[in-house]
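Trainee:
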Ligand code: GDP
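Residue numbers (the numbering used here): 1152 to 1595.
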């Protein structure tokens, strides 16, 4: 996400940190570069201008430059202002407090990711213990209804059986009655999109809005379209009074213009971001965390949330029991690796740890962690269950067999076993120390 933008910010900050004493001229020069970085990322011109002015004023107008860590302070100001730009401190939660069924209407141009986002949102709401009903209300694109039905089947979330020749407003009304009679508390309306804004479509969306009074009207925006999207949001907002934006395809090589401009220009909050085609790739938008990610400062809070969401409590309990019974074996090691893998690609996870993204780039090993994991899994997979319980059984000829079986080299097998033995020793030491001993070790 925003790799180029992060790299460029990093270069500007490095220069700033490299100055012995920071003068006003240094800050002005750095901000000139920041301005270019933002314009290149396709951020709206006026937003850039206001942003730079705000940072400049805060950075030179106070005691920042006289402080002990001036560069650090300037960077912090940039971070704060980026967060503010994207709506930091505002409540972005969905407003679903109304008597059920509550309607959420998704709208936007064709291909932006409306149907996909409807599915993702339904999944998220079900996790929050709501009963969503998906409603296909796009009768113009022949495959649209079918697409949502397929998604619904995959997710095991009911989809209203819209007739392809019905009026979309009637469909929505019928779906509302259906929801009321069948215990659904949330309607998710997937409306039609066009390649460009046109009046017929807008009229239809306005009629749906009047008929159902959705609590949330979310515009689905493709981040790859850059700040152009800002104009479209404004036009939709003028007719529909949007409650927020879902920004999709942030996993791609979007430059950042949309994310950094939408809130500032239109006043509409970004409520969710789409980070992939899979149904779980939707995150609540947090302006502060996004600012940190853009500046390569990591995002530990999102990492922790991901871990909590990915780890099944029963599964964790089962693993803990196994650890207690068998100790730390190659088998339990593999279980743990698989659990980590459920959270997403290693690369994306590591980048959430402050400083790691840049370090990985310097090492030139962006692909490495995931490849390495696959290798380790293949090696462990080629062992017999008995060997996984007790790695000491693995002699020279078995090592060669395992290397052949896993498509790796004997050096790889040796290295894994060596590392594993070291890890096992460390685990034993930690267990002997117990929680009190551990604290002592860490000097507390
Ligand atoms: P609609 O016409 O607005 O309903 O758009 P769709 O939901 O059909 O999405 C269009 C394409 O974008 C599909 O191929 C989706 O898989 C893809 N897509 C949607 N959201 C995301 C996202 O967050 N990341 C990526 N990489 N692709 C997405």
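Glycine included, every Cβ here is placed at the ideal spot set by N, Cα and C.
What you are looking at is a predicted structure, and each value in this text was computed from that prediction instead of being measured.
Looking only at its chain, what residues have a beta carbon closer than 6 Å to the beta carbon of residue 1262, apart from the 5 residues adjacent to it on each side?
Mentor: Residue 1262 sits at position 111 when you count from the first residue of the chain shown. Within the same chain, residue 1262 has no close Cβ partners at all.
Trainee: Heavy atom of ligand 1 less than 7 Å from the Cβ of residue 1343, yes or no?
Mentor: Residue numbering aside, residue 1343 sits at position 192 when the chain shown is read from its first letter. No, Cβ of residue 1343 sits at least 7 Å from all heavy atoms of ligand 1.
Trainee: What residues in its chain sit with their C-beta under 6 Å from that of residue 1337, if we drop five residues either side in the sequence?
Mentor: Your numbering for residue 1337 matches position 186 in the chain shown. These residues qualify, in order along the chain: 1253, 1276, 1281, 1283.
Trainee: With DSSP as the reference, label residue 1310 as helix, strand or coil.
Mentor: Reading the chain shown from its first residue, position 159 is the one you call residue 1310. Reduced to three states, the DSSP call for residue 1310 is strand.
Trainee: Figure out for me which residue from 1401, 1423, 1350, 1416 has the closest Cα to the Cα of residue 1367.
Mentor: Locating residue 1367 in the chain shown gives position 216, where the first residue counts as 1. The option with the nearest alpha carbon to residue 1367 is 1423.
Trainee: Which two residues bound the contiguous beta strand (DSSP E) that contains residue 1286?
Mentor: Along the chain shown, one-based indexing puts residue 1286 at 135. Start and end: 1283-1288.
Trainee: Do the stretch 1206-1215 and the stretch 1177-1188 meet, that is, are 3 or more Cβ pairs less than 8 Å apart?
Mentor: Contact holds: three or more Cβ-Cβ distances are below 8 Å.
Trainee: Flag this pair as yes or no: are the beta carbons of residue 1295 and residue 1340 separated by less than 8 Å?
Mentor: Counting from one through the chain shown, the residue named residue 1295 turns up at place 144. Counting from one through the chain shown, the residue named residue 1340 turns up at place 189. Contact flag unset, no.
Trainee: Whose CA, out of 1306, 1325, 1357, lies closest to the CA of residue 1314?
Mentor: Start at 1 with the first residue of the chain shown, and residue 1314 comes out as number 163. When each option's Cα is compared against that of residue 1314, the closest is 1325.
Trainee: What residue from 1401, 1412, 1369, 1327 has the CA that sits closest to residue 1392's CA?
Mentor: Along the chain shown, read from residue 1 onward, the residue named residue 1392 stands at position 241. Residue 1392 has its Cα closest to that of 1369, out of 1401, 1412, 1369, 1327.
Trainee: How would you label residue 1386, buried or exposed, when you count the other beta carbons within 10 angstroms and need 16 or more for buried?
Mentor: Locating residue 1386 in the chain shown gives position 235, where the first residue counts as 1. It is exposed - the Cβ of residue 1386 has fewer than 16 other Cβ atoms within 10 Å.
Trainee: Grab me the residues of residue 1563's own chain with a C-beta within less than 7 Å of its C-beta, minus the 5 sequence neighbours each way, in chain order.
Mentor: If you number the chain shown from 1, residue 1563 lands on position 412. 1526, 1530, 1554.
Trainee: Which word fits residue 1196, buried or exposed, when buried means at least 16 other C-beta atoms lie within 10 angstroms of its C-beta?
Mentor: Counted from its first residue, the chain shown places residue 1196 at position 45. Counting Cβ neighbours within 10 Å, residue 1196 comes out exposed, since fewer than 16 surround it.
Trainee: Tell me which residues share the same chain as residue 1216 and place their Cβ nearer than 6 Å to its Cβ, disregarding the 5 neighbours each side in the sequence.
Mentor: Taking the chain shown and counting its residues from 1, the one referred to as residue 1216 is at position 65. So the qualifying residues of the chain are 1173.
Trainee: Buried or exposed, going by whether 16 or more other CB atoms sit within 10 Å of the CB of residue 1297?
Mentor: Numbered from 1 along the chain shown, position 146 holds the residue referred to as residue 1297. Answer is exposed; the Cβ neighbour count stays below 16.
Trainee: Excluding the five sequence neighbours on either side, which residues of its own chain have a C-beta within less than 6 Å of the C-beta of residue 1271, listed in chain order?
Mentor: The sequence position of residue 1271 within the chain shown is 120, counting from 1. Here the set comprises 1430, 1433.
Trainee: Just the Cα atoms here: how many angstroms apart are residue 1200 and residue 1246?
Mentor: Here residue 1200 refers to the residue found at position 49 of the chain shown. Here residue 1246 refers to the residue found at position 95 of the chain shown. Residue 1200 and residue 1246: Cα-Cα distance of roughly 33 Å.
Trainee: For a test of the three-state rule: what should DSSP assign to residue 1555, helix, strand or coil?
Mentor: Position 404 of the chain shown, counting from 1, holds the residue named residue 1555. Residue state, collapsed to three classes: helix.
Trainee: Tell me the rounded alpha-carbon separation between residue 1399 and residue 1374.
Mentor: Against the chain shown, residue 1399 aligns to sequence position 248. Against the chain shown, residue 1374 aligns to sequence position 223. Their Cα atoms are separated by approximately 6 Å.
Trainee: Taking the straight line between their C-alpha atoms, what separation do you get for residue 1409 and residue 1528?
Mentor: As a position in the chain shown, residue 1409 is number 258, starting the count at 1. As a position in the chain shown, residue 1528 is number 377, starting the count at 1. If you take the alpha carbons of residue 1409 and residue 1528, they lie about 39 Å apart.
Trainee: Which residue wins for smallest C-alpha separation from residue 1377, given the options 1359, 1412, 1351?
Mentor: Along the chain shown, read from residue 1 onward, the residue named residue 1377 stands at position 226. The shortest Cα separation from residue 1377 among 1359, 1412, 1351 belongs to 1412.
Trainee: Just reading off the beta strand (DSSP E) that residue 1241 is part of, what are its end residues?
Mentor: Looking up residue 1241 in the chain shown gives position 90. Looking at the DSSP string, residue 1241 is not in any beta strand (DSSP E), and its letter there is neither H nor E.
Trainee: Taking the beta strand (DSSP E) that residue 1397 belongs to, which residues open and close that run?
Mentor: Counting from 1 along the chain shown, the entry for residue 1397 is found at position 246. Counting along the chain, the beta strand (DSSP E) containing residue 1397 begins and ends at 1395-1399.
Trainee: Could you work out which residue in 1268, 1303, 1304, 1317 is closest to residue 1291 when comparing CA atoms only?
Mentor: Residue numbering aside, residue 1291 sits at position 140 when the chain shown is read from its first letter. Cα-wise, what sits closest to residue 1291 is 1317.
Trainee: Leaving aside the five residues before and after residue 1403 along the sequence, list all residues of the same chain whose C-beta is less than 7 Å from its C-beta, in chain order.
Mentor: Stepping through the chain shown from its first residue, residue 1403 is reached at position 252. For residue 1403, where only same-chain residues beyond five positions count, the Cβ hits under 7 Å are 1375.
Trainee: Residue 1173 by DSSP, collapsed to three states: which one?
Mentor: Here residue 1173 is taken as the residue at index 22 of the chain shown, counted from 1. Here residue 1173 sits in coil by DSSP.
Trainee: Say the cut is 7 Å; is the CB of residue 1265 nearer than that to a heavy atom of ligand 1?
Mentor: Stepping through the chain shown from its first residue, residue 1265 is reached at position 114. Checking every heavy atom of ligand 1 against the Cβ of residue 1265, one is found closer than 7 Å.
Trainee: Reducing DSSP to helix, strand and coil, say where residue 1470 ends up.
Mentor: Taking the first residue of the chain shown as position 1, residue 1470 is located at position 319. In the structure shown, residue 1470 sits in a helix (DSSP, three-state: H, G or I).
Trainee: For residue 1258, list the residues DSSP reports as bridge partners.
Mentor: Numbered from 1 along the chain shown, position 107 holds the residue referred to as residue 1258. According to DSSP, residue 1258 bridges with 1370.
Trainee: Can you have a look at residue 1327 and say buried or exposed, based on whether 16 or more other CB atoms are within 10 angstroms of its CB?
Mentor: Your numbering for residue 1327 matches position 176 in the chain shown. The residue is buried, with at least 16 neighbouring Cβ atoms inside 10 Å.
Trainee: Would you mind listing the alpha helix (DSSP H) stretches within the stretch 1322-1368 that are 4+ residues and don't spill past its ends, in chain order?
Mentor: Listed in chain order, the complete alpha helix (DSSP H) runs (minimum 4 residues) inside the stretch 1322-1368 are 1350-1363.
Trainee: Quick check on this structure: which residue in 1541, 1227, 1557 has the alpha carbon closest to the alpha carbon of residue 1164?
Mentor: As a first step, residue 1164 must be located in the chain shown, where it is residue number 13. Ranking 1541, 1227, 1557 by Cα distance to residue 1164 puts 1227 first.
Trainee: Is residue 1290 near ligand 1, with its Cβ less than 7 Å from a heavy atom?
Mentor: Here residue 1290 is taken as the residue at index 139 of the chain shown, counted from 1. Not under cutoff, so the answer is no.
Trainee: In whole angstroms, what is the alpha-carbon distance linking residue 1388 and residue 1350?
Mentor: Within the chain shown, residue 1388 is the residue found at index 237, counting from 1. Within the chain shown, residue 1350 is the residue found at index 199, counting from 1. Straight-line Cα distance between these residues: approximately 14 Å.
Trainee: Whole angstroms are fine: how far does the CA of residue 1469 sit from the CA of residue 1482?
Mentor: Sequence index remark: in the chain shown, residue 1482 carries index 331 (1-based). Sequence index remark: in the chain shown, residue 1469 carries index 318 (1-based). Between residue 1482 and residue 1469, the C-alpha separation is close to 13 Å.
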